[in-house]
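These notes are about the structure you will find just below.
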Amino acid sequence: MIRVQREDFDFGQEVAALSAGNKGVGGVCAFSGLVREMAGETEISAMTLEHYPGMTEKALAEIEAEAQTRWPLEKTLIIHRYGRLEPGDQIVLVAASSAHRDAAFDACRFLIDWLKTEAPFWKLEESEKGASWVEAKDSDTQAQARWLEKDQED
Amino acid sequence: MIRVQREDFDFGQEVAALSAGNKGVGGVCAFSGLVREMAGETEISAMTLEHYPGMTEKALAEIEAEAQTRWPLEKTLIIHRYGRLEPGDQIVLVAASSAHRDAAFDACRFLIDWLKTEAPFWKLEESEKGASWVEAKDSDTQAQARWLEKDQED
Amino acid sequence: MKILYFSWVRDKTGVSNEELTPPVSVTTVESLIDWLKEQSAGHAQAFTDVSVIRAAVNQEHVKLQHPVGPDDEVAFFPPVTGG
Amino acid sequence: MKILYFSWVRDKTGVSNEELTPPVSVTTVESLIDWLKEQSAGHAQAFTDVSVIRAAVNQEHVKLQHPVGPDDEVAFFPPVTGG
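Going down the list, the sequences are from chains U, H, E and P.
According to our numbering, the residues represented by the first sequence are 82 to 235, in order.
According to our numbering, the residues represented by the second sequence are 82 to 235, in order.
According to our numbering, the residues represented by the third sequence are 64 to 146, in order.
According to our numbering, the residues represented by the fourth sequence are 64 to 146, in order.
Written out as structure tokens, the structure is:
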């Protein structure tokens, strides 16, 4: 399931739904990303997440479908917020449930790695210096590249 | 933090504590293991987890300390239940929070991989055929071995 | 053709989306960019360095060589930074 | 010496823990096992195949060559299956 929303979400409740009533689930892996107070040396007062409505949902659905193809999963979940957030706020939740822990872990990490390079979101950080757009990180591109390399090895 | 307990735990509440009031946390990774209904072809009616009081706490504290040494983490958590559990019940929760997602993911997986081979727990499965002790899995030993190999590479 | 801009690309063009009719010579994302640069100083500034520009056609990531047509929805933005 | 048994090792010895005084010749986990096998048919059965036995001395995993002394707490169990 995917959701793109302005509202906060209840981590525990959302993750519980991945195994509720399904006694075939042996493991659930979940990751949540939060707004950090510091960006390098700069103290952040707020962050605004812009996205591309329509394409965002499409991109997330494709990422989820790809994970379902790669691993034997029971359920997957991606929730991504947009709008103005403050340090400590939740930005994103990805989770996967499976009979086995390896699949749950791998799929969960895949979801966040791919989302970071494929989903059309942009962060505008506010600090004393003003507002500035966050630059994409090489490490995120590399994290996705690791999955592509693994594909070639297989 | 580590806890060994008979009682169930609230996944969401426990994981929330890993980032609460700490605006340096950028990511939280959590994994929970549940009792599955099927063990291979056999339908499980219940499972009893036995452990070695004293050594269990010691082993879990060592695993947690090792994770804290290996990665820059904010907080870690291991909760492991013992006693009689039924399909769908939560057995274990491991979680890690960090400024960065890679550390949170790696540490979380490390916690569960090492726990599976180091923590003195034993599962007795009940089915129509009677009760039988679960055999250790080669895949668990291999999962731990992966971490040891990585150590040698470094 | 519907054109959308996001993040600092929008800040520079000064418009979030516009309905435009490029000449028939515009057949790829790349040639569309060249044409857009002539539309305003802001557009020219937004596309100064195309190596930092990403594009989507009909809401799919594409390379700059990708074809575009009159009924397409084309979006321009910097590398994404969600998650 | 305090000896503890867990899981099917306990099922076979028929006792979860016992306070024993092995002879001075028992200096390692391995020699302790050899001596324990003589204590009862259940003990003998529990230790038939030592390759599936794991040991802890004072609540730390050890190899079978590890030394043991009169004040030690020694535990025997199969490979762990928690998590």
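Ideal Cβ placement from N, Cα and C applies to all residues, glycine included.
What first and last residue would you give for the alpha helix (DSSP H) that runs through Ser70 (chain E)? Run containing Ser70 (chain E): Ser70 to Thr76, per the alpha helix (DSSP H) assignment.
If you check the beta carbons only, do Glu207 (chain U) and Pro168 (chain U) fall under 8 Å apart? No, Cβ-Cβ distance for Glu207 (chain U) and Pro168 (chain U) is not below 8 Å.
For the putative contact between Asp135 (chain P) and Val120 (chain P), defined by C-beta atoms under 8 Å, what is the C-beta separation to the nearest angstrom? 5 Å between Cβ atoms; contact.
Please list the terminal residues of the continuous alpha helix (DSSP H) segment that includes Gly114 (chain U). Segment Gly108 to Leu115 is the beta strand (DSSP E) holding Gly114 (chain U); no alpha helix (DSSP H) there.
Using a beta-carbon distance below 8 Å, is Ala138 (chain E) in contact with chain U? So, interface residue.
Closer than 8 Å at the beta carbon, the chain U residues around Ala180 (chain H): Residues of chain U passing the Cβ test: Arg117.
What does the alpha-carbon distance come out to for the pair Gly108 (chain H) and Glu138 (chain H)? Looking at the two C-alpha atoms, the distance is approximately 26 Å.
Looking at the structure shown, is Leu166 (chain U) part of a helix, part of a strand, or coil, going by DSSP? In the three-state reduction of the DSSP assignment, Leu166 (chain U) falls in the strand class, which pools E and B.
How about Val215 (chain H): is its C-beta nearer than 8 Å to some C-beta of chain U? So no, Val215 (chain H) is outside the interface.
Closest by C-alpha distance to Gly211 (chain H), when choosing among H:Val85, H:Arg84 and H:Glu124: For Gly211 (chain H), the nearest C-alpha among the options comes from H:Glu124.
Since Ile66 (chain P) and Leu83 (chain P) are thought to touch, with beta carbons under 8 Å apart, how far apart are those beta carbons, to the nearest angstrom? Contact between Ile66 (chain P) and Leu83 (chain P) is confirmed by a C-beta separation of about 6 Å, below the 8 Å threshold.
In chain order, which beta strand (DSSP E) runs of at least 3 residues are fully inside the segment 84-132 of chain P? Runs found: 117-120 and 123-125.
Less than 8 Å separating the beta-carbons of Gln128 (chain P) and Thr91 (chain P)? Result yes, Cβ atoms of Gln128 (chain P) and Thr91 (chain P) sit closer than 8 Å.
Looking at C-alpha atoms only, which residue of P:Gln108, P:Asp112, P:Glu93 and P:Phe140 is the closest neighbour of Asn80 (chain P)? Looking at the Cα atoms, P:Phe140 is the closest of the given residues.
Work out the CA separation of Pro142 (chain P) and Ala217 (chain U) for me, nearest whole Å. The C-alpha of Pro142 (chain P) is placed about 46 Å away from the C-alpha of Ala217 (chain U).
Just curious, the alpha helix (DSSP H) that Leu192 (chain H) is in, first and last residue? For Leu192 (chain H), the enclosing alpha helix (DSSP H) begins and ends at Arg182 to Glu199.
The beta strand (DSSP E) with Ser213 (chain U) in it runs from where to where? Its beta strand (DSSP E) spans residues Gly211 to Trp214.
Can you tell which of H:Gln233, H:Arg84, H:Leu115 and H:Ile159 has the C-alpha that lies nearest to the C-alpha of Cys189 (chain H)? For Cys189 (chain H), the closest alpha carbon among the candidates H:Gln233, H:Arg84, H:Leu115 and H:Ile159 is that of H:Ile159.
Please report the residue range of the beta strand (DSSP E) in which Ala127 (chain U) lies. Start and end: Thr123 to His132.
Is any beta-carbon of chain H found at less than 8 Å from that of Ser126 (chain U)? Taking Cβ atoms only, chain H never reaches closer than 8 Å to Ser126 (chain U), which makes this a no.
Per-residue contacts from Phe69 (chain E) into chain U (C-beta, under 9 Å): Result: Glu131, His132, Tyr133, Pro201 and Trp203.
So does Arg87 (chain U) have its beta carbon nearer than 7 Å to some heavy atom of the ligand ZN? Absence of the ligand ZN is noted for the structure shown, with no ligands found whatsoever.
Can you tell me which residues form a DSSP beta bridge with Leu67 (chain P)? Leu67 (chain P) is bridged to P:Asn80 and P:Ala138.
Note down, in chain order, every chain U residue with its Cβ under 7 Å from the Cβ of Gln122 (chain E). Annotation: Cβ neighbours of Gln122 (chain E) in chain U (cutoff 7 Å, chain order): Gly135, Met136 and Lys139.
Three-state secondary structure assigned by DSSP to Trp203 (chain U): Here Trp203 (chain U) sits in strand by DSSP.
Decide if the segment 146-164 of chain H is in contact with the segment 84-97 of chain H; the criterion is three or more beta carbon pairs, one per stretch, under 8 Å apart. With a cut-off of 8 Å, the segment 84-97 of chain H and the segment 146-164 of chain H count as touching, because enough Cβ pairs lie within range.
Run through DSSP, which three-state label would Met82 (chain H) get? The answer is coil: DSSP assigns Met82 (chain H) none of H, G, I, E or B.
Among the residues of its own chain, which have a CB less than 8 Å from the CB of Met136 (chain H), if the five just before and after it don't count? Cβ neighbours of Met136 (chain H) beyond the five flanking positions: Pro201.
Which two residues bound the contiguous alpha helix (DSSP H) that contains Val96 (chain U)? Counting along the chain, the alpha helix (DSSP H) containing Val96 (chain U) begins and ends at Phe92 to Ala97.
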